[in-house]
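A short write-up of the structure that comes next.
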Amino acid sequence: MKRRCARIARLAGATALALAGAGLPGAALAQDIDLDRAGVSSEAEMLLEADTVIYDNDRNTVTAEGRVQIDYDGHRLVAHRVTYNRATARLLASGDVEIVDREGTRIHTDEIDVTDDFRDAFVRSLRVETADKTYFAADSAERRDGEVTTFEYGLYTACEPCRDKPEKAPAWRVKSRKIIWNGKEKTVRFQHARFELFGLPIAYLPFFEIPDPTVKQKSGFLIPSYRHSTELGHGVHVPYYLALSPTFDLTFKPTWYSGQGFLGEAEWRQRFNNGGYSITAAGISQRNPDEFLPGTGLTADTSADHEKFRGMIGSKGEFRINPRWTFGWDVMVQTDKNFAYRYGVDGYDDYQRTDEIYLTGLNDRNFFDLRFQKFTVQEPTRDKNRLTGADLGTRNARQPWVLPTLDYSYTPDSPVAGGELNIDVNLHSIHRYTMDALNYVGSVGPQTAVRGIDGSSTRLTAEAEWKRSFVTPGGLMLTPILHARADAIGASFDPSSEAEILKLAARNGTTADLSSSYYRSMATAGLEARWPVLFTTANTSHVIEPMAQVFARPDAPHADRVGIPNEDAQSLVFDATNLFERDKFSGYDRIEGGVRANLGVRYSGSFANGWGTNALFGQSFHLAGDNPYTAPDLVHAGAFSGLESDRSDYVGMVGLSTPVGLSAAAGARFDEETFELRRTDISAAYSSRPFSVSGVYSFIQAQPDYGFATDRREVRGSANVRIHDNWSVFADGTYDLESEIMVSKSIGFAYDDDCFAYSISMSEYEDPTNGEKSRSFGFSVSLRTIGDFGTTSNALN
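Numbering (numbering that gives the first Met the number 0), first residue to last: 0 to 796.
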């Protein structure tokens, strides 16, 4: 009797393994099953529970009846009745059969009939739930020769059944007259398949095939997509994936456009233990280049798109040299500057693109970043007229090469003289073929700014800062600060830059310094004082913290004349976030000198109901020396900044946070004499399960010498309303209050759950300078375990 029980145990254990693969997809039925290959130990113990065990020697059967449960090596079989026929070598389980394998896959069926070598089997009314929450069902399933399993009238979905209404149709499912799982070929084929969305059939396919999900790589066609634009026409994108090995693959991505013909595209990818890289190539022989000219004001000699053959090759990669160092690149070359953007080459179609090679290092508190960069604007106008060679004044022509840029930061782990020491090094070397000089909007006469010289410029900066905090018995926090900096700058001005800088200097009543080299240094001694005072009540706590800083230093060298290129310190915005910065310029190319004090008060409050608020208000004072924010500059970096007078504008900010999803913030700058509003950003947002909404109001007073002759005011808003558990409507827009134009607007709706996501949207943008409108329509669909696809269509009016 013991041997017979063991025999049933082995059969039941292996049956659990075999039946775990009877579902689609995700388990072992697609291959021959034996105990060793399936991971079942031949020494594993079996536990058989049943109301009755019957040995019928006349029929040569062994039967377990009544609440039968067989546990074997991590697998479980539950049924009302299990019978093993020793004469036919078949095992029959019936009555609410449930099989669970060690991975968690569950199979439910009314009856299963299987041979003891598990090469042939027949299952009635099959339902499968895999460990990764995919679901299959079939009227019956039959397995032949241990390799091919056929499901009759089956269905597949990755959507979990509704617990309250299990009969309710899932968000999506595939119904198929026949599903054939080929264990040798590692494929699953659907014959006469019907795709249903919320129970409604929306597509019929005579057949389609997907890889066996147990296979990580499988060659085959990927989901196609539709593309459209006025110049290219209608397009069908049909990628084909070629699995060459577990570590490298190749994807062909051909697209046929009705207007321009066949676009060939391919991507090679390879992975290594410490990183990976990819190579992308694309090309087309355009059938009708003239389609790019109407309505653009361009000719065949000025349009970047007007070429017969166009193409590109690009590569991206990143490798971990060791746990601290990383090396990588993102580079592209193309026949013209607009090909990748125009044809939407994936990963290379940014309108403003940066090609770079980089090396980074990070260790505790130390950082190193070295990059070689080329900036590109993928725009439709050629940089030069093909016929005459004339400069067409494009943005791309004025973009620089950065060869290289370096940032290094070092902070010792141990205190230095009881305080913290920080050392920073910055280097950039920039080359530009065409000067970036312009008349700002609203300006008249000669050029008003030189944002970049044609020629080369290099700057090396090294600086060190030490600070240490002390707390007096009365709670006053004092922090002395010492800082030293040195710069070495080299410049090679082409004649056009020299001439423009001389004109700019004369226009602004200053002199030009066009040296080939500059040296400057700066030493700063500062003191910061803070006195936080805590007030508490039964339900609230408040901290009021008066703050003061004073920095003493000589005047900045070379600040009384123009000439030193300013590449990285052009965007100065004075507000509450940088009120207490030692140097308020946005980059290293400008340097702050003179004696300056910063005064302000900070507040934070916490309330028992979870609400919180914070605020800061203050002002900066130029006490002695030359004010660096009135010094001449190639781009007028200090103009209208609020720092150009001895007493700066007032700056402030306030914020609110709540536990109910409401938040708000406001920042502003006010005139130091009239308290007139100079600049403000006010934002508010609310988020909850039913809906979320946000809005921003921005105002910037006119800055003529900085490029803006009139005030700028706009309102931006967005909203998302969940109209059902999974359905939502969203919209956003931007309105220019000065020009009274709806600059941008979009609306759409979306559905999302754990297995399916869908969105559709429409948007419009209007250029406030010329009134030109562009519209786009797009949708995206995501089916868990199957894939994502979508499209966008653009049109210009």
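Beta carbons are placed, not taken as given, at the ideal position from N, Cα and C, and that holds for glycine.
What residue does the beta strand (DSSP E) around Pro479 start on, and which one ends it?
Met476 to Phe492
Hey, could you find the ends of the alpha helix (DSSP H) Phe338 is sitting in?
Phe338 to Arg341
By how many angstroms is the C-alpha of Tyr407 removed from the C-alpha of Trp171?
53 angstroms
What does the Cβ neighbour count give for Ile32, buried or exposed, with the cut at 16 atoms within 10 Å?
Legend: pLDDT at Ile32 = 31, less than 50; position of this residue unreliable, value from coordinates given subsequently. Buried, because 16 or more other Cβ atoms sit within 10 Å of the Cβ of Ile32.
Quick check on this structure: which residue in Leu736, Tyr134, Asp138 and Gly234 has the alpha carbon closest to the alpha carbon of Val122?
Asp138
Tell me, to the nearest whole angstrom, how far the beta carbon of Thr709 is from that of Glu737; I am working on the premise that it is less than 8 angstroms.
6 angstroms
Are the CB atoms of Asn84 and Asn59 within a distance shorter than 9 angstroms?
Asn84 sits close to Asn59, with the two beta carbons spaced by under 9 angstroms.
Where DSSP assigns a beta bridge to His74, which residues make up the other side?
Tyr71
Would a C-beta distance cut-off of 9 angstroms place Arg688 and Ile699 closer than the cut-off?
Their beta carbons are not under 9 angstroms apart, which means Arg688 does not touch Ile699 by this criterion.
Out of Ala683, His723 and Glu110, which one is the CA nearest neighbour of Ser717?
Ala683
Quick check: the region 621-641 against the region 448-455, are at least 3 beta-carbon pairs closer than 8 angstroms?
yes
For a minimum of 3 consecutive residues, which ranges assigned as the beta strand (DSSP E) are wholly contained in the region 125-213?
134-143, 147-156, 171-181, 186-196 and 199-210
For Leu231, which residues in the same chain have their Cβ closer than 6 angstroms to its Cβ, ignoring the five residues on either side in sequence?
Tyr256, Gly258 and Gln259
With distance defined between alpha-carbon atoms, name the residue in Asp512, Arg601 and Ser520 nearest to Pro531.
Arg601
With DSSP as the reference, label Ala638 as helix, strand or coil.
coil
Distance check for Gly525 and Phe788, CA to CA, integer angstroms please.
CA-to-CA, the gap between Phe788 and Gly525 works out to about 58 angstroms.
Short of 7 angstroms in beta carbon distance, which residues of its chain neighbour Tyr341, apart from the five on each side in sequence? Order them along the chain.
Looking at the sequence shown, residue 341 is not Tyr but Arg. Closer than 7 angstroms at the Cβ level, and outside the excluded window around Arg341, lie Asp304.
If Tyr152 and Val173 are in contact, beta carbons under 8 angstroms, what's the gap, nearest whole angstrom?
For a cut-off of 8 angstroms, the C-beta gap from Tyr152 to Val173 is around 12 angstroms, too long to register as a contact.
CA-CA distance, Thr62 and Phe206?
About 42 angstroms.
Taking the beta carbon of Leu786 as the centre, do at least 16 other beta carbons fall within 10 Å, making it buried, or is it exposed?
The identity of residue 786 in the sequence shown is Gly, whereas the question assumes Leu. With a 10 Å radius around the Cβ and a threshold of 16 neighbouring Cβ atoms, Gly786 comes out exposed.
Going by beta-carbon coordinates alone, are Asn421 and Thr410 separated by less than 9 angstroms?
yes
Could you please give the first and the last residue of the uninterrupted beta strand (DSSP E) stretch that includes Arg364?
Counting along the chain, Arg364 falls outside any beta strand (DSSP E), and DSSP gives it neither H nor E.
Measuring CA to CA, which of Asp731, His107, Val659 and Arg677 is closest to Ser693?
Checking every option, the nearest Cα to that of Ser693 belongs to Asp731.
Which partner residues of Lys315 appear in the DSSP bridge assignment?
The partner list for Lys315 (beta bridge, DSSP) reads Ser277 and Asp329.
What residues in its chain sit with their C-beta under 7 angstroms from that of Ala86, if we drop five residues either side in the sequence?
Cβ neighbours of Ala86 beyond the five flanking positions: Asn59.
Per DSSP, which residues does Trp465 bridge with? Please list them.
BP columns for Trp465 point to Leu420 and Leu481.
Name the two residues that bound the continuous beta strand (DSSP E) containing Gly232.
Gly232 to His236
Can you tell me whether Lys307 is buried or exposed, with buried defined as 16 or more other CB within 10 angstroms of its CB?
So Lys307 ends up on the exposed side.
Grouping DSSP H, G and I as helix and E and B as strand, with all else coil, what is Leu503?
helix
Following the continuous beta strand (DSSP E) through Ser413, name the residue where it begins and the one where it ends.
Counting along the chain, Ser413 falls outside any beta strand (DSSP E), and DSSP gives it neither H nor E.
Ends of the beta strand (DSSP E) at Gly694?
From DSSP, the beta strand (DSSP E) with Gly694 extends over Phe690 to Ile699.
Do Trp465 and Glu419 have their beta-carbon atoms positioned less than 9 angstroms apart in this structure?
yes
Between Thr733 and Ser697, what straight-line distance do the alpha-carbon atoms span, to the nearest angstrom?
11 angstroms
For the ligand COA, is there any heavy atom lying closer than 8 angstroms to the beta carbon of Glu195?
The ligand COA is not part of the structure shown, which contains no ligands of any sort.
Can you tell me where the beta strand (DSSP E) holding Val532 begins and where it ends?
Membership of Val532 in the beta strand (DSSP E) is indicated by the continuous run Val532 to Thr535.
I need the boundaries of the beta strand (DSSP E) containing Arg89, first residue and last residue.
Its beta strand (DSSP E) spans residues Arg89 to Val99.
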